[in-house]
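Chemist: Sharing a structure below in structure tokens format, with a few things to ask.
Protein chains in written order, with our numbering: chain A, 1 to 714; chain B, 1001 to 1330; chain C, 2001 to 2200.
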């Protein structure tokens, strides 16, 4: 920091000077996690605790005639039961009642004893039912078509174009499949105080609702999220399950543990919107996109669904789209990692790809031609080089499907904001014994936020990562926003940085007289404190801290627009390439390689960024090849509400994965999670076409569809 | 899971004595033998099975063996899949079984799962496994897969139920001409494993085998294939990591030079029973294992296939697997 | 209800439980050993994997009453058992998971590490293919598995005292020819070791 600067402000040092950040950091909580000591909500045990289970609506639409909880209460071990819905249910899996008992299995016995009598009401749980002439009214407020762009000019542009394709693309409903299901532990025994653990993406998001449900003051309820087993967008708020647990706890005056079962999770814990896109896309001879007309349907259950706007990422001179939600009697969609983007991306990337081959234009060149932002160009070129595109024998036409095994390459790109916002505050404390802590109530979904809270503080104070303890996951700590939309890093990192900076300044001011210089000349580096220009010997960190009073020193920092400008940014890109092998005899698609290049501003922990990008790629691979919710519309049931029937990619599905962090991006920090799962499945589908000419427009690309596209199934 | 009493007999005799009450049809479902439990416990968790008593066979040492007795391989009901997938004898002389054992489920399940349990496992049909769907297999009136989602269901031998038999060991063992040894209150009986399975159109549609509720599968045996025999098990899964077969091929070919003298071809994942195709076997004998022969056998094997609305793809898929399996043994 | 006598992580412990309780239920709801996770409770996810007599087993599909005389190892026992057998600190698998960033939310990791431990117990020098195979019953939703494979490989390399192949994220920062050479060296060491073990 310059000596003459009057009011110094927190900034990141030049990257080459960073000692902790932008390195491969071992997570500060890794030891707790690998030894099994990390306590997730599912693992919380408090004395006298009851275990609860939910009774879910067995069919999509019911008129409840009778709900008798008394038989449940007769089951030995059952401590209480509450009704959650006594009139009508509007979606398959809607919670109707909850039972608490001395053990989880007693609670389940209780559930099964509940007497539920109902009349079926007409339902719609697939597109055919929902759009039939006599379709039941799923919601009182029928969704309206929304339009974007000018239809006449878009149609005109398509008519006169050199090449046009018109096709329908569909994407399935995807589930989050967090390994830890949703749930809470409500530690309340009557009285005016409670503690609530929740497997959530927002420490401060569920606590006020829990207080309300318990009839307590929010200030008397502590919310805790010590460790949580994955969220991906599905875990915000107290939820119906949390409300049920609070009701039960209030009723029986005992702590209640309510974790959803895996089946509950599939039926009533959210999902990614499914959809259908009819797309007409037109280009001029050189591959410039000139017109686009799209008709889109969103399948978000009783929710609205989400689908990013068209044209997606690529520029199209004249574009028009109509979008309509088609409500169904199924659980509402929730945010899921880049909500709406993987769906829109699949339509856009597939249509563009089809057009490229139709025109005989290299699909990589076609992409670059229609991407104005040059960052995409460098990223696409890099992943193309890494995956061997320039040596690939057939770039502007597919491989020969007569071969038994065909190899193909495909591409996709991403876009996301990832910027932060206000509402996060951090306190950094320096103790007289030299220990340091950074405290902020935020949550760590597995992204590594706990680690970078410590890392940013260590960097600022010239310490090692292990010298700083991060305290997170409690409403007793300074406020923090929820983790959605990759906003955590952009919100949290500046607050921590400013707090650490303020602590360093305050400490420097105290130490300045020791060195007999201005505070601005006091520097913290390498575990020492020294005068940057003087001859006095440096103090060790411990020696310096010993000069503090008993209460140590603390300083706060918060996210501000000003700090954000200096420390964070928003708007990221990302390009991915996939190389696949298609077995033309069996329809099997094997992904051999996936390469991602991802910008993310300043990487706080490179190892965590790589893991994040790899994880995003695999979720996209899984979406491409395996995942889909299956319902039987006539019976009104979900058929694959298990991890056997609902398949997610396992270790044998993994391709060689390479994640390249785009270090040319010199901006401040930006959240990275969402962008990473946007392009992969499109790249894979396009690679399948490049391999053998099978264009599968309906995810997932299961063997039956690939064989059909190859003309092998009559 | 419903509470039950766990009995731990130490001998087959004691186990059979416990199971004898199942002879009474009212008691048939109230008592069940438990081996590795990797299927039964999931059925119980889903309330598809709710026995009052489980007869835990794991303590019966006399059922846990895998041995070669003068060229006859004998495998006790409690031999684990992990043991079979590591067994040198099978690796060298009965690859079809060795590979089938390895293809099953996950390493964890193979640690515990037994040959007896694998041969007696219940269907994976999504409707069968869903408690709310009271399908034919559970005593209901309708096979919902017939008009519903049937991508995973039968293309051969279906009706009135369209499940596929999920066992991988069964096709492999049938291809080895294995015999199964079962015992019950009325005494022991032995039969070709092929006859152990029955189509849904025969007898009680709710069961897949001829085993009576009071009977136990005790062992399986087969003659070590003659020198010059080669075999393989080719399993195609939708997901490589832990999945059941969309289609599988168990193939045993005995060669004289490069001419096939003996052939067994049994399909898995496509019919309610392990599906042996004699016409294809006959077409292989006397021929070389070349592409032309293989394609002809594949055509014959699938000649009677009648796909449902969503599983016609299994026909070309299975044909391709048959051709590959035959070619791989050439 | 019956009092079970179980051998867990080297200790004999008593737990009163009904006969239909699984090992997972006894561990989590009676013994306070919550490191074994309940992810699906139906044998599909592998998060509850424990070792029984050294073999990987799904605790959710194991009746507690059926493993009374057997040695059960849970994630909580991995480090103590390693120390007991003369090791220092965490089991090499745990240490490697630490350092390779092989975890995010961490919920699948206990099961994943026990599957890896079971593999290394019988095959101290596995190939990547063998590692993938051994972990194929453990599902992870966060990491993309790659760093998990690399962690197991690191544990292997360190336990036999050779330099590991550069991890994917390290290789990128190296000169390509240097990275290739390092990977080759590591592969040669492993191949030699496997030969000694009679695996190839």
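For glycine and all other residues, C-beta sits at the position ideal for the given N, C-alpha and C.
(1) Applying a beta-carbon distance threshold of less than 9 Å, which residues of chain B neighbour residue 174(A)?
(2) Taking beta-carbon pairs under 7 Å, can you tell me which members of the region 637-657 of chain A lie near chain B?
(3) For a contact meaning CB atoms closer than 8 Å, what does residue 1037(B) contact in chain C?
(4) Determine the DSSP secondary structure at residue 1262(B), reduced to helix, strand or coil.
(5) With a threshold of 16 other CB atoms inside 10 Å of the CB of residue 1270(B), please say whether the residue is buried or exposed.
(6) Return the first residue and the last residue of the beta strand (DSSP E) that residue 427(A) is part of.
(7) Report, in whole angstroms, the separation of the C-beta atoms of residue 416(A) and residue 675(A), which I expect to be a contact under 8 Å.
(8) Can you tell which of 165(A), 59(A) and 671(A) has its C-alpha closest to the C-alpha of residue 602(A)?
(9) With a Cβ-Cβ cutoff of 8 Å, do residue 2024(C) and residue 2068(C) count as a contact?
(10) Tell me, please, whether the CB atom of residue 181(A) is closer than 8 Å to any CB atom in chain B?
(11) Please decide whether residue 449(A) counts as near chain C, where near means a Cβ-Cβ distance under 8 Å.
(12) What did DSSP end up calling residue 2005(C) once you bin it into helix, strand or coil?
(13) For residue 708(A), return the contacting residues in chain B, with the cut-off set at a CB-CB distance below 7 Å.
(14) For a contact meaning CB atoms closer than 8 Å, what does residue 2185(C) contact in chain A?
(15) Please report the straight-line C-alpha distance between residue 1104(B) and residue 1322(B), rounded to a whole angstrom.
(16) Which residues in chain A have a C-beta closer than 8 Å to the C-beta of residue 1236(B)? List them in chain order.
(17) Can you pull the DSSP bridge partners for residue 471(A)?
(18) Specify, as a first and last residue, the run of the beta strand (DSSP E) that residue 513(A) falls within.
(19) In angstroms, rounded to a whole number, what distance separates the CA positions of residue 2034(C) and residue 395(A)?
(20) How many Å lie between residue 1004(B) and residue 103(A) at the Cα?
(21) Mind the definition here: the region 1153-1166 of chain B touches the region 1272-1281 of chain B only if three or more C-beta pairs lie below 8 Å; say whether that holds.
(22) Going by C-alpha to C-alpha distance, which of 204(A), 171(A), 461(A) and 492(A) sits closest to residue 238(A)?
(23) For a cutoff of 8 Å on Cβ pairs, would you count residue 632(A) as touching chain B?
(24) Over the uninterrupted alpha helix (DSSP H) stretch that includes residue 1088(B), give me the two end residues.
(25) Alpha carbons only, please: which of 352(A), 235(A), 266(A) and 323(A) is nearest the one belonging to residue 281(A)?
(26) Can you pull the chain C residues whose beta carbon is under 8 Å from the beta carbon of residue 1001(B), in chain order?
(27) Can a CB atom of chain B be found closer than 8 Å to the CB of residue 5(A)?
(28) If you measure between the beta carbons of residue 59(A) and residue 111(A), is that distance less than 8 Å?
(29) Report the start-end ranges of each alpha helix (DSSP H) in the region 604-667 of chain A that is 4 residues or longer and not cut off at the edges.
(30) Thinking C-beta only, is residue 1090(B) closer than 8 Å to residue 1114(B)?
(31) Comparing the C-beta of residue 230(A) with each C-beta of chain C, is any distance below 8 Å?
(32) Do you know whose CA, among 113(A), 595(A), 706(A) and 295(A), lies nearest residue 385(A)'s CA?
(33) At a CB-CB cut-off below 9 Å, which residues of chain D make contact with residue 1004(B)?
(34) Give a yes or no on whether the minimum CB-CB distance between residue 2135(C) and chain A is below 8 Å.
(35) Taking CB distances under 8 Å as the criterion, tell me whether residue 1029(B) reaches chain C.
Modeler: Taking the definition as stated:
(1) Chain B residues near residue 174(A): none, gap ~15 Å exceeds 9 Å.
(2) Under the 7 Å Cβ criterion, the region 637-657 of chain A contributes 637, 639, 640, 645, 647, 650, 651, 652 and 653.
(3) Residues of chain C passing the Cβ test: 2061, 2062, 2063 and 2066.
(4) It is a strand residue.
(5) Using a 10 angstroms sphere on the CB of residue 1270(B), the tally of other CB atoms reaches 16 or more, which defines it as buried.
(6) Unbroken beta strand (DSSP E) run through residue 427(A): 425-430.
(7) Your pair residue 416(A) and residue 675(A) checks out as a contact, with CB atoms roughly 4 Å apart and the cut at 8 Å.
(8) Checked all of 165(A), 59(A) and 671(A); the closest Cα to residue 602(A) is 671(A).
(9) No.
(10) Not an interface residue.
(11) Residue contact check for residue 449(A) against chain C: no CB pair falls below 8 Å.
(12) Strand at residue 2005(C).
(13) Here the neighbours are 1313.
(14) Ordered by position in chain A, no residue passes the 8 Å Cβ test against residue 2185(C), which lies about 19 Å from the chain.
(15) As the crow flies, the alpha-carbon of residue 1104(B) is around 19 Å from that of residue 1322(B).
(16) Going along chain A in sequence order, the residues near residue 1236(B) (Cβ under 8 Å) are 586, 588 and 703.
(17) Per DSSP, 439(A).
(18) It is not in any beta strand (DSSP E) - residue 513(A) instead sits in the alpha helix (DSSP H) that spans 488-515.
(19) Those two C-alpha atoms are separated by around 53 Å.
(20) Distance between residue 1004(B) and residue 103(A), taken at the CA atoms: about 17 Å.
(21) The region 1153-1166 of chain B vs the region 1272-1281 of chain B: in contact.
(22) Residue 204(A) is the option with its Cα nearest to residue 238(A).
(23) When Cβ-Cβ separations below 8 Å define contact, residue 632(A) makes contact with chain B.
(24) Here the alpha helix (DSSP H) through residue 1088(B) covers 1088-1093.
(25) Of the listed residues, the one whose Cα sits closest to residue 281(A) is 352(A).
(26) Listed along the chain, the chain C residues whose CB falls inside 8 Å of the CB of residue 1001(B) are 2020.
(27) Reliability fails at residue 5(A), whose pLDDT of 48 lies under 50, so the model's placement of it is uncertain and the value that follows must be treated cautiously. Taking a beta-carbon distance threshold of 8 Å, residue 5(A) does not count as an interface residue toward chain B.
(28) The answer is no: Cβ separation not under 8 Å.
(29) Listed in chain order, the complete alpha helix (DSSP H) runs (minimum 4 residues) inside the region 604-667 of chain A are 606-625.
(30) Cβ distance not < 8 Å, so residue 1114(B) and residue 1090(B) don't count as in contact.
(31) By this cut-off, residue 230(A) is an interface position.
(32) Nearest of 113(A), 595(A), 706(A) and 295(A) to residue 385(A), Cα basis: 595(A).
(33) The structure shown contains no chain D; its protein chains are A, B and C.
(34) Cβ-Cβ to chain A under 8 Å: yes for residue 2135(C).
(35) The beta-carbon of residue 1029(B) is placed no less than 8 Å from the nearest beta-carbon of chain C.
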